[in-house]
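A.B. asks: My questions will all concern the structure given below.
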Amino acid sequence: MTIDLHAHSTASDGTTPPAQLPRLAAEAGLTVLALTDHDTFAGLAAASAASDVELVPGVEISCRLDDAEVHLLGLFVDPGHAELGGELELIRTDRERRAVRMVERCQELGAPISLAQVREIAAGAPLGRPHIAAALAAAGITDAFTSDWIADGGRADVPKHVLSTVEAISLVRAAGGVAVLAHPRSVKRRASVSDAQLAALAEAGLAGVEVDHPEQSPEVRARLRAVAAGLGLLTTGSSDFHGDRKPVRLGECTTSPEVFAALRQSAVSVS
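As structure tokens, then:
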């Protein structure tokens with residue numbers, strides 16, 4: 003088995019339609035793929051219709067850990083779970099409000115972009131910061147994710163509705179799934195998750211941590227693996243595939259069959 007537990011489609015901020023992802027995964031040599039679009043299950047039905055690979059139903063939830071944003075992967079979740087679905091809908095609708103206001107702030111700061119342009123870039127997907135960043139890049143502003151523009155706390159940033167990470171873990175478990183913390187020490191994120199924070203999340207029901215990720219160095223991965231072992235957390239590997247939006251290929255990082263089996267068993271035990 004070759005397993006990638008973190009990938010995105012056009013249902014959120016990827017560039018590959020969900021119906022095409024299983025075929026691309028099979029061509030990349032994968033046998034298992036988790037579709038984990040941001041705060042939505044919208045692509046699962048189309049992706050599930052394909053039989054190229056085993057598809058794990060998942061979602062990547064934007065949540066808050068102390069003063070920083072982190073992302074939580076919910077794997078093996080029931081996409082029809084009412085409470086989780088309702089919370090994701092609230093996150094998505096607030097994202098639209100936030101994106102509109104961020105575009106306005108960028109304009110106020112002198113950026114020659116428009117909401118219509120950002121919507122065109124999103125191509126029907128829920129509006130998000132990557133779409134605004136693409137519009138800024140087209141206008142010659144290549145440092146979008148900095149304090150000057152749309153980074154957390156930046157001049158054009160707008161606060162959004164967000165779950166605490168502990169609340170998100172509880173919802174994932176209630177929906178019959180297992181929670182894995184995504185890219186906790188990515189070089190592209192403003193803040194990294196500390197050892198103490200990982201311990202608190204493990205106590206709250208976190209099942210695993212994404213260790214092998216394209217944005218985490220070998221040294222960071224080794225440290226995370228050691229911390230996870232001490233906390234009894236499973237360690238996963240994933241590409242965090244976004245299609246053409248990131249220079250990452252499906253299956254660039256993978257999860258071992260043993261860890262995958264343990265995650266599946268944990269989901270069964272919770273449900």
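In our numbering, the protein residues as written are 3 to 273. In this text, a Cβ means the ideal position worked out from N, Cα and C, and glycines have one as well.
(1) Per the DSSP calculation, L111 is bridged to which residue(s)?
(2) Taking contact to mean 3 or more Cβ pairs, one atom from each stretch, closer than 8 Å, check whether the segment 123 to 139 and the segment 100 to 112 are in contact.
(3) Classify L252 as helix, strand or coil using the three-state DSSP reduction.
(4) Can you give me the start and stop residues for the alpha helix (DSSP H) that A228 sits inside?
(5) Let's test the definition: count the other Cβ atoms within 10 Å of the Cβ of P161 and tell me whether it reaches 16, buried, or not, exposed.
(6) Rounded to whole angstroms, what's the CA-CA distance from Q199 to G16? Just pull it up for me.
(7) Tell me E62's beta-bridge partners as DSSP assigns them.
(8) Thinking G245 and T256 are a contact (beta carbons under 8 Å), I'd like their distance in whole angstroms, please.
(9) Would DSSP call S14 helix, strand or coil?
(10) According to DSSP, what are the bridge partners of S50?
(11) Could you have a look at L117 and say whether DSSP puts it in helix, strand or coil?
(12) So, using beta-carbon positions, are H10 and T38 closer together than 8 Å?
(13) Between the Cα of S268 and those of V182, A230, L226, P220, spot the shortest distance and give me the residue it belongs to.
(14) Is E217 helix, strand or coil by DSSP?
(15) Do the segment 173 to 190 and the segment 61 to 80 make contact, defined as three or more Cβ pairs closer than 8 Å?
(16) Since A27 is in the alpha helix (DSSP H), which residue starts that stretch and which ends it?
(17) Within this structure, are the beta carbons of V72 and T167 separated by less than 8 Å?
(18) Give the range of the beta strand (DSSP E) segment to which D197 is assigned.
(19) Tell me which residue opens and which closes the alpha helix (DSSP H) that H133 is part of.
C.D. replies: Once the coordinates are examined:
(1) Along the sequence shown, read from residue 1 onward, the residue named residue 111 stands at position 109. DSSP output for L111 lists no bridge partner at all.
(2) The segment 123 to 139 vs the segment 100 to 112: in contact.
(3) Walking along the sequence shown from the start, residue 252 turns up at place 250. Correct three-state label for L252: coil.
(4) Counting from 1 along the sequence shown, the entry for residue 228 is found at position 226. Residues 220 to 233.
(5) Numbered from its first residue, the sequence shown carries residue 161 at position 159. Exposed: under 16 other Cβ atoms inside 10 Å.
(6) Within the sequence shown, residue 199 is the residue found at index 197, counting from 1. Within the sequence shown, residue 16 is the residue found at index 14, counting from 1. One C-alpha to the other measures close to 29 Å.
(7) Start at 1 with the first residue of the sequence shown, and residue 62 comes out as number 60. Paired residue(s): H40, L75.
(8) Translated into positions along the sequence shown, residue 245 becomes position 243. Translated into positions along the sequence shown, residue 256 becomes position 254. Not a contact, Cβ separation roughly 18 Å.
(9) Here residue 14 corresponds to residue number 12 of the sequence shown, with the count starting at 1. Looking at S14 - three-state DSSP - the assignment turns out to be coil, as it is neither helix nor strand.
(10) As a working mapping, residue 50 is identified with position 48 in the sequence shown. Paired residues: none, contrary to the question.
(11) Your numbering for residue 117 matches position 115 in the sequence shown. Reduced to three states, the DSSP call for L117 is helix.
(12) Locating residue 10 in the sequence shown gives position 8, counting from the first residue. Locating residue 38 in the sequence shown gives position 36, counting from the first residue. In this structure, T38 lies closer than 8 Å to H10 by Cβ.
(13) Locating residue 268 in the sequence shown gives position 266, where the first residue counts as 1. Closest by alpha carbon: V182.
(14) In the sequence shown, residue 217 corresponds to position 215, counting from 1. Note: E217 maps to coil in three-state DSSP.
(15) yes
(16) Taking the sequence shown and counting its residues from 1, the one referred to as residue 27 is at position 25. Where A27 is concerned, the enclosing alpha helix (DSSP H) starts and stops at 23 to 29.
(17) Stepping through the sequence shown from its first residue, residue 72 is reached at position 70. Stepping through the sequence shown from its first residue, residue 167 is reached at position 165. Contact flag set, yes.
(18) Stepping through the sequence shown from its first residue, residue 197 is reached at position 195. Element bounds for D197: not the beta strand (DSSP E) but the alpha helix (DSSP H), 197 to 205.
(19) The sequence position of residue 133 within the sequence shown is 131, counting from 1. Run containing H133: 131 to 140, per the alpha helix (DSSP H) assignment.
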